[in-house]
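K.L.:
The structure follows.
Right, here's the structure in full:
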């Protein structure tokens, strides 16, 4: 038991640069409190004391603002960063070395009493506000970008962003820390391609107009389009 507690504390120091001391971690990290409370509730759940398990889970949620169903299976070195708004459903399974940010959810999509929540592999990072829905599998070393909605299984080593979630990167050696500012944006890429195609079409039409001696009206949208293009190129767009 004490080895497990020491491992939990060590995990926080490894994954959160804001952690400065053991007392701070013990008293000021709701994610740690939620994890310890869940272990007790899960023990009661496994021994068929379902009411007391749910009651303890409910009290745990009141104090931490983190809801973990006592039936959920949580692996070792699990870390909830910030924690507010986290939801983990009854049949969810979480592997080892998983990192979840605030507002993320492992949610179900079925009313049947069956496996209806996600299974998360080892060393997975789930960004702030991300929602993983249904009895799907998120493979080892995968990364789920902030605000993404994942409704299909994710291969190991992949990076998923967007609504619905799309695989934008596939790597078997994914770093454990989710660098949100370096994630690709498929929507921005699509808009950038459309703008480029519009520019190409505009040039072709201009050449045809010149050859046909047609009066070319002033392009009132070019400057606005150039501004948008510069914003995307500088990372200031969507």
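In the numbering used here, the protein residues as written are 923 to 1160. Think of the CB as a built atom: it goes at the ideal place given N, C-alpha and C, for glycine as much as any other residue. In this text the structure is predicted, and so the values were computed from the model without any measurement.
1. Cα separation between residue 948 and residue 932?
2. Count the other CB atoms, across all protein chains shown, that sit within 10 Å of the CB of residue 1131; report buried if there are 16 or more and exposed otherwise.
3. Once you ignore the five residues that flank residue 995 on each side, which residues in its own chain have a CB closer than 8 Å to its CB?
4. Would you please state the rounded distance, in angstroms, between the beta carbons of residue 1081 and residue 1067? I believe it to be under 8 Å.
5. Please list the segments of the alpha helix (DSSP H) lying wholly inside the segment 948 to 996, counting only runs of 4 or more residues, in order along the chain.
6. Quick one, which of 1126, 990, 1064, 1117 has its alpha-carbon nearest residue 954's?
7. Should residue 969 go down as buried or exposed, given a rule of 16 or more other Cβ atoms within 10 Å for buried?
8. Sorted by chain position, which residues of the same chain lie with C-beta nearer than 6 Å to residue 1038's C-beta, five sequence neighbours on each side aside?
9. Using DSSP bridges, identify the partner residues of residue 891.
10. With C-beta atoms as the reference, is residue 1046 less than 8 Å away from residue 1027?
11. Please state whether the Cβ-Cβ distance between residue 1024 and residue 1052 is less than 8 Å.
12. Measure the C-alpha to C-alpha separation of residue 997 and residue 945 and round it to an integer number of angstroms.
13. Hey, could you find the ends of the beta strand (DSSP E) residue 1080 is sitting in?
14. Quick one: what does DSSP say residue 1088 is sitting in, helix, strand or coil?
15. Going by DSSP, what residues sit across from residue 1065 in a beta bridge?
16. Got a sec? Which residues, its chain only, sit under 8 Å from residue 1094 by beta carbon, not counting five neighbours each side?
17. I'd like the span of the beta strand (DSSP E) that includes residue 1002, first residue to last.
P.N.:
Taking the coordinates as given:
1. So the two alpha carbons sit approximately 11 Å from each other.
2. exposed
3. Listed in chain order, the non-local C-beta contacts of residue 995 below 8 Å within the same chain comprise 964, 1014, 1015, 1016, local neighbours out to five positions each way being set aside.
4. 7 Å
5. Whole alpha helix (DSSP H) segments, 4+ residues: 952 to 968, 972 to 986.
6. Residue 990 holds the alpha-carbon nearest to the alpha-carbon of residue 954 among 1126, 990, 1064, 1117.
7. exposed
8. 1013, 1030, 1032, 1057
9. Absent from the model: residue 891. The displayed extent of the chain is 923 to 1160, so no value can be given.
10. no
11. no
12. 24 Å
13. 1080 to 1083
14. strand
15. 1047, 1081
16. Confidence in residue 1094 is poor, its pLDDT being 48 and thus under 50, which makes the residue's placement unreliable; the coordinate value appears in the next sentence. Answer for residue 1094: 1063, 1078, 1079, listed in chain order.
17. 1001 to 1003
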